[in-house]
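Letter by letter, the sequence shown follows residues 0 to 195 of numbering that gives the first Met the number 0. No residue lacks a Cβ here, since even glycine has one placed at the ideal position from N, Cα and C. Note that the structure is a prediction, hence the values are computed from the model and not measured. Okay, structure first, notes after.
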Amino acid sequence: MDYNVYAPPTAAVAEVPVRDTTDRDFHVVGKAKFFSLFLLSFGAYIMVWMYQHWAQFKRRRRVAMWPVARGIFPIFFTHSLTEEIDTALQRANVRHAWSPNGTATMLVILLVGSNLFSRIPDSVVPLVPSMTVLFACLLAMAILAWRIQRAANVACNDPDGSGNRGYTWANWLWAVPLGVFWALVLLGFAGLALGA
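Written out as structure tokens, the structure is:
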């Protein structure tokens, strides 16, 4: 019996197709995942979201840029992101009804405006009305950012974002504590509103 235990296996191994996400110009994400991450992070997800778009764009196009800076300062790069998405849609001859500049402008105005509004002291604007305005701004920002994301999904030929619909362990790692935190904040906010 001539059997070598150190010999490599001789069985045929089938190639498993791996979904290549590097062939996309932009970051793709599903609607439910996008809104849950955006709202649970109280809008801070926009920095991660912008970074992911620009990092994917850099990988795909092999252009010299720093995606981290574009993620940290989204107000300066939102318009260029929507322009790139719109260019990709036009290049692919895909019709998508949206206003890239209008959407980007409204998002930037809300980002700056809500940040400035949050700095107003409680002695000028009481907490309950202030928080109500900030929650409304957050919702409006999420809707506007989703319009941009939806256009990016369409440009990547994945309108539903099915390529990135599920949650990763990293998503759960910060989403669960933030969810508990915001549940407590809303509970306290409700107590203040009811005069408890």
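In the three-state DSSP reduction, residue 104 falls in the helix class (H, G or I).
Taking a contact as a CB-CB distance under 8 Å, the pair residue 170 and residue 36 counts as one, their CB atoms being some 7 Å apart. A direct Cα-to-Cα measurement between residue 49 and residue 109 gives close to 16 Å. Scanning its chain for C-beta atoms nearer than 7 Å, with the 5 sequence neighbours on each side dropped, one finds around residue 117 the residues 133, in chain order. Between residue 147 and residue 80 the beta-carbon gap is near 7 Å, inside 8 Å, which marks them as a contact. Residue burial annotation: residue 82 is exposed, with fewer than 16 other C-beta atoms found within 10 angstroms of its C-beta.
For the pair residue 30 and residue 149, the Cα-to-Cα distance works out to about 8 Å. A distance below 7 Å separates the beta carbons of residue 77 and residue 103. Between residue 85 and residue 59, the C-beta spacing is not below 7 Å. In this structure, the CA atom of residue 91 is about 10 Å from the CA atom of residue 153.
For residue 47 against residue 70, the beta-carbon gap comes to about 7 Å, under 8 Å, which counts as contact. Within the same chain, 53, 57 come within 7 Å of residue 64 by CB-CB distance, once the 5 residues on both sides are set aside.
Around the beta carbon of residue 44, 16 or more other beta carbons lie within 10 angstroms, which makes this residue buried. Take the alpha-carbon of residue 161 and the one of residue 125: they are about 42 Å apart. The three-state secondary structure of residue 50, taken from DSSP, is helix.
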